[in-house]
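Peer 1: Structure incoming, see below.
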Amino acid sequence: MPEGPEVKTVARTLACEMVGHELGELWHSHHRLRAAVDYSLLRRVENTVVDGVSAYGKVLFISVDQKPAIMAQLGMTGQLTVTSTKTPVLTHTHLRWPLKDTGRELRYVDPRRFGLIAPCDEEQKEAIINRLGPDPFLMTDNDYTSVIEAMRRSRRVIKDILLDQSIIVGVGNIYASEALFLAKINPSRAGSDISISEYQGLIKAVVVVLTQALKNCGTTFSNYVDGSGKKGDNLAFLKVFQKDGEPCQECRTPIIRIKQAGRSTFYCHQCQA
DNA sequence: CCCCTATCCTGAGGGC
DNA sequence: TGCCCTCAGGATAGGG
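Just so it is clear: in the first sequence, position 5 is 15 by the working numbering, and no numbers are missing.
This is the structure in structure tokens:
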């Protein structure tokens, strides 16, 4: 569910809730998440103090005692929040982790179980980041060049390339459509057929779209919430995502929905010819 | 190698 | 009301 801006928002709000507090005794459900979680390893983090929560792309990292300790991927429906221990426990709650002396706890709720919570040391964190592309917010000139080269090398369709986290991180199904609309690029064009100047516009559009989403604390169209349980405000700013049949905000042509790699893409046939 | 499909799951919503 | 279908913010094994 969450894309880069949502995960960054979760990290920021969780940091607020968790940093400086000591983790208590972990509880977990018997359900398996996307992969089997080594809970005994995760339990080694009990009785340590959280000192940071960060995000790289759609991956979230929690560190204790100046060392990475936990990584989380929220998949489609994962929610990582801190609430009062007295808040009723939702079905599909897979993890409860008290923050000592606060009356509050970290909870992981994930109906579809496509997400993952796992222990994670320094090396593992490095390995995860190494197989991901650059963060569009932190890109150097060299990153720009190599990202564009990687995209031009691919014969896949540009929409699919944008979703590929090994090329660039943080773009998911909502913001891929939104960025292509802003850059006026047809989602079905092959990566190899797009010019360098068009790519420069596209990367700029990705940054604009993600920056706006981050400013609005993410897009909630169904169940996304931040680390404090708050919804995002970015839904009202979307121009094409899930707007099939509605008139394009630029030219009034109805927005079209197509399927690419099994996922919906929304675009304006006129503006993105 | 690269690319595509199916798959992991539950729940919401529409048509009949 | 219920049944069946499609769809949903993601990632990845494995087949062609």
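In this text, a Cβ means the ideal position worked out from N, Cα and C, and glycines have one as well.
1. For the alpha helix (DSSP H) containing V99, name the first residue and the last one.
2. Only counting runs of 4 or more residues, tell me where the alpha helix (DSSP H) segments fall wholly within the region 27–85, in order along the chain.
3. Below 8 Å between beta carbons: does that hold for I138 and M81?
4. Roughly how many whole angstroms lie between the Cα atoms of Q222 and N244?
5. Going by beta-carbon coordinates alone, are V63 and L52 separated by less than 8 Å?
6. Between which two residues does the alpha helix (DSSP H) holding E115 run?
7. My output table needs one value for F247: the three-state DSSP class, helix, strand or coil.
8. Measuring only the C-alpha atoms, how far is A160 from H104?
9. Residue range of the alpha helix (DSSP H) that K135 falls in?
10. Does the structure place the region 103–117 close enough to the region 131–151 that three or more beta carbon pairs sit under 8 Å?
11. Considering only C-alpha positions, which residue in the set L224, T275 and V74 is nearest to K253?
12. Under the three-state reduction of DSSP, which class applies to K194: helix, strand or coil?
13. Where DSSP assigns a beta bridge to P257, which residues make up the other side?
14. Between the Cα of I127 and those of P144, D48 and G201, spot the shortest distance and give me the residue it belongs to.
15. Could you check where the alpha helix (DSSP H) with S176 kicks off and where it finishes?
16. Thinking L190 and Y277 are a contact (beta carbons under 8 Å), I'd like their distance in whole angstroms, please.
17. Using the three-state DSSP reduction, which class does Y277 fall into: helix, strand or coil?
Peer 2: Looking at the atomic coordinates:
1. Per DSSP, V99 belongs to no alpha helix (DSSP H) and is neither H nor E.
2. Runs of the alpha helix (DSSP H) inside the region 27–85: 49–52.
3. yes
4. 8 Å
5. Judged by beta-carbon spacing, L52 lies beyond the 8 Å limit of V63, meaning their Cβ atoms are not closer than that value.
6. Counting along the chain, E115 falls outside any alpha helix (DSSP H), though it belongs to the beta strand (DSSP E) covering R114 to V119.
7. helix
8. 38 Å
9. E132 to N140
10. no
11. T275
12. coil
13. Beta bridge pairing from DSSP links P257 with P264.
14. D48
15. Run containing S176: none; DSSP gives neither H nor E here.
16. 6 Å
17. strand
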